[in-house]
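Protein chains: 2
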Amino acid sequence: MPNLKSKITLKDIARELEVSISTVSKALKNSEEISRDTKEKIQAFARLYNYKPNNIAISLKNKRTKNIGVVIPDIVHHFFTTVIRGIEKYANAKGYNVIVCLSEESFDKEVINMEMLANGSIDGFIMSLSSETQAKGDYNHLREVTEQGIPVVLFDRITNEVECDKVVIDDQLGGYLATKKLVGQGKKKIALITTDDYLSVSKARTEGYKKALLESNLPVDESRILKLPTMDMDENKIRKFFNSQEIDAVMCVNEIFAVFSMRVALEQGFKIPEEISFIGFTNGLLSKYANPSLTVVAQHGERMGEISAQMLIDKVESENEEETFQTKILEPTLVVRDSTIN
Amino acid sequence: MPNLKSKITLKDIARELEVSISTVSKALKNSEEISRDTKEKIQAFARLYNYKPNNIAISLKNKRTKNIGVVIPDIVHHFFTTVIRGIEKYANAKGYNVIVCLSEESFDKEVINMEMLANGSIDGFIMSLSSETQAKGDYNHLREVTEQGIPVVLFDRITNEVECDKVVIDDQLGGYLATKKLVGQGKKKIALITTDDYLSVSKARTEGYKKALLESNLPVDESRILKLPTMDMDENKIRKFFNSQEIDAVMCVNEIFAVFSMRVALEQGFKIPEEISFIGFTNGLLSKYANPSLTVVAQHGERMGEISAQMLIDKVESENEEETFQTKILEPTLVVRDSTIN
DNA sequence: GTATATTACGAAAACGGTTTCGTGTTGATA
DNA sequence: TATCAACACGAAACCGTTTTCGTAATATAC
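Protein chains in written order, with UniProt numbering: chain A, 1 to 342; chain B, 1 to 342.
Right, dumping it as structure tokens:
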């Protein structure tokens, strides 16, 4: 550790000015208890030596850290970064810092991260479940935390098995809107590219997709549903999927699937959007700069982050004991670009 | 605040087991001073009631928070997210948490964030300067922090005016390599799309570009250099730029410029890469999924993050007083894709 | 002149740990 | 049996604040 011309403390000021620590503390808070003269002297001295109270000591005393723990599966996905930005924005305005932990889609990491933070480092959690956690269905780490009285806000990838505040977009509606949009353009053979079912969001989007088809009197054909792993998508699988089916539109549960499969379609000679249309989820850079640009269901990540932070901080700062939890559902919106007609 | 079945403390254990706090503390650390019997009793009790030491108290005592402050201009850019991931990975393995603050390219926010964290919340900073800070050239907030003995590691967007550890890629070499690659493909009229000069990285990349041209006996034509604002790129400007010049290759200082201008070129009927080649910086999702996929200079963000974290933690945990700073320069590498010939 | 209020400050506990040092008890040694 | 080391534990200081409560000194009231 380098040479610390370390920070000045209350004690230092007290010693230097020959008053007590309590007097210094009160003077710096402009307490009525202290005389004008003394206050001015102390404040001037503090300013001169650039006194700043030690956050850790204050945290210990108040049992409030003014830190928020954010645990998310991945940070490289555009959606999550926008959520973080939203959280940061609101939290910062309220004087809170954001501690970011990545579960990397691993259950164990999620647990470890939470334990690490739950021992006094943070006032509350904002989190989105890892896929492994959702697959496993084990939420004891969340319950332990909430039972300790640490507020938790779950966003996007949530579970009903934990009682806490939640923020989601209506993913089913998102899937529904997207599919309806395709139907409205005269598409009849609408495929779905999704992940495994255990991801709550994919499941809901799939439901919306099916609902829209049924409502439009179109058959739900399971062979038109392709499940892909999140990492390392297999180009051939998609190629075969496109070949074996007569497909005139595809809804994908994320940006990457959409952009990736669009390229495969282009390579196979399909015209987008005339012969085959595409809609994805997440209004990120990829969609915007893809070629053709991608029509998507926007998830409003930043708004989601702000709301999550607001719900959490409200709870953290609220006095009342009664536990009432709410689930906020945001409406997804369609951002129409060139991968769909007009 | 919800009902806290709040955490058990040393004091609680001591009271319950009728021993002193010191004994409990030592027993839980498996100290030789305490008898087997007592240790077992205490440890069993602690396990039963799931005792976890309070991080804040430990921080106050040790004057070590095990938190790292990361201040970056933006989190939605792929490069920065990969750096964060690298930092997180290394820091977590070492038992550190990562507090992320966004300056949003604003000098003031950068200063506020640093002040907020510098009062005991963190053991050190890892940061990349906001564009406003670089434009302004005011680094007093950094100096104040280092003078307090708080270690700082600057990465990517750095300055020579502050003495601290630094991690960068050789941006000049990156620009050089990219340009040479284009030259090697027989391109003679190589354009550059960049930002304003105050961004240290853009400047260096431009230098590399010029160096490569000169070395190849190609003229450096300033009219072939287009400066674009980071946000809201103007399509028409690019179109005019392409029209007014006879350009057979473009190097862009980031992914977005590259992908965006590629689309403009395609719309104008250019064939990529035969008639006009493109190279960008940052090996992100955009480059990978662009159409055509984009050849880029990879910045190895994750590695950069790991190294930054390592340098910082080394300094934080080092005992010796002598201040020696190093600058680590990573080599950029070319990732060749379809926007350049073969 | 005495009783009471007010002013201005300090002592000390508290937050939850760690760590140094002191000490009563035991057992071994001479 | 006196001496001493080893053992096992507790008291207390400390980290840097906040806050309650007590109290001397002064001012006010009667």
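Note that beta-carbon positions come from the ideal geometry of N, C-alpha and C, so glycine has one too.
In this model, Ile225 of chain A and Ile247 of chain A are separated by some 11 Å (Cα to Cα). In this structure, the beta-carbon distance from Asn55 of chain B to Thr9 of chain B does not fall below 9 Å. Exclusion of the five residues before and after Val83 of chain A leaves Gly301, Met304 and Gly305 as the residues of its chain whose Cβ lies within less than 6 Å of its Cβ. The alpha carbon of Leu117 of chain B has as its nearest neighbour, out of B:Gly280, B:Asn62 and B:Glu144, the alpha carbon of B:Glu144.
Within the stretch 66-86 of chain A, the residues whose Cβ lies closer than 8 Å to some Cβ of chain B are Asn67, Ile75, Val76, His78, Thr81, Thr82, Ile84 and Arg85, listed in chain order. For Phe260 of chain A, the neighbours in chain B by C-beta distance under 7 Å run, in chain order, Tyr289. As a beta-bridge residue in DSSP terms, Ala298 of chain A pairs with A:Thr333.
The three-state secondary structure of Asn291 of chain A, taken from DSSP, is coil.
In the structure shown, Lys188 of chain B falls within a coil segment according to DSSP collapsed to helix, strand and coil. Under the Cβ distance rule, Pro229 of chain A does not count among the residues neighbouring chain B, no pair being separated by less than 9 Å. A direct Cα-Cα distance of roughly 15 Å separates Thr38 of chain A from Leu48 of chain A.
As a beta-bridge residue in DSSP terms, Met251 of chain B pairs with B:Leu192 and B:Ile279.
Out of A:Glu207, A:Glu110, A:Val336 and A:Met262, the CA that lies nearest to the CA of Glu222 of chain A is found in A:Glu207. The alpha carbon of Ile341 of chain A has as its nearest neighbour, out of A:Lys181, A:Pro219, A:Val201 and A:Gly269, the alpha carbon of A:Lys181.
Considered as a whole, the stretch 99-179 of chain A harbours 107-118, 131-136 and 140-147 as its complete alpha helix (DSSP H) runs of no fewer than 4 residues, in chain order. About 6 Å separates the CB atoms of Leu199 of chain B and Ser131 of chain B; that is less than 8 Å, so the two are in contact.
Below 8 Å, enough C-beta pairs join the stretch 277-294 of chain B and the stretch 280-298 of chain A to call them touching: three or more. By the criterion of a C-beta distance shorter than 7 Å, Ile272 of chain A is surrounded in its chain by Met262, Ala265, Leu266, Phe278, Pro292 and Ser339, once the five residues flanking it on both sides are discounted.
Leu214 of chain B counts as exposed, since fewer than 16 other C-beta atoms from the protein chains shown sit within 10 angstroms of its C-beta. For the stretch 145-158 of chain B, the set of positions with a beta-carbon nearer than 7 Å to some beta-carbon of chain A reads Glu147, Gln148, Gly149 and Pro151 in chain order. For Leu213 of chain B, the enclosing alpha helix (DSSP H) begins and ends at Ser200 to Glu215.
Annotation for Ile87 of chain B: no beta strand (DSSP E) segment contains it, though the alpha helix (DSSP H) segment containing it runs His78 to Ala93.
Below the 9 Å Cβ cutoff, chain A contributes no neighbours of Gly269 of chain B, its closest Cβ being approximately 14 Å away. In this chain, the beta strand (DSSP E) harbouring Lys227 of chain A covers Ile225 to Lys227. Here the C-alpha atom of Ala309 of chain A lies approximately 13 Å from the C-alpha atom of Val71 of chain A. Listed along the chain, the chain A residues whose CB falls inside 8 Å of the CB of Met304 of chain B amount to none; the nearest CB is some 14 Å away. One thing to note: Ile150 of chain B has its Cβ within 9 Å of the Cβ of Asp123 of chain B. Lys188 of chain A has its alpha-carbon roughly 36 Å from the corresponding atom of Gly137 of chain A. Nearest C-alpha to Tyr96 of chain A among A:Ile313, A:Gly175 and A:Ala258: A:Ile313. In this structure, Leu192 of chain A sits near Val253 of chain A, with a CB-CB distance shorter than 9 Å. According to the DSSP secondary-structure assignment, Lys237 of chain B is paired through a beta bridge with no residue. Under the 10 Å beta carbon count, Glu323 of chain B is surrounded by fewer than 16 other beta carbons and is classified as exposed. Under DSSP, the beta-bridge partners assigned to Val71 of chain B are B:Cys101 and B:Met127. Here Lys61 of chain A carries a helix assignment [DSSP, helix/strand/coil].
Under a criterion of Cβ atoms nearer than 8 Å, the residues of chain B adjacent to Ile256 of chain A are, in order, Leu285 and Tyr289. Taking 9 Å as the cut-off, the Cβ atoms of Gly175 of chain B and Met233 of chain B do not count as close.
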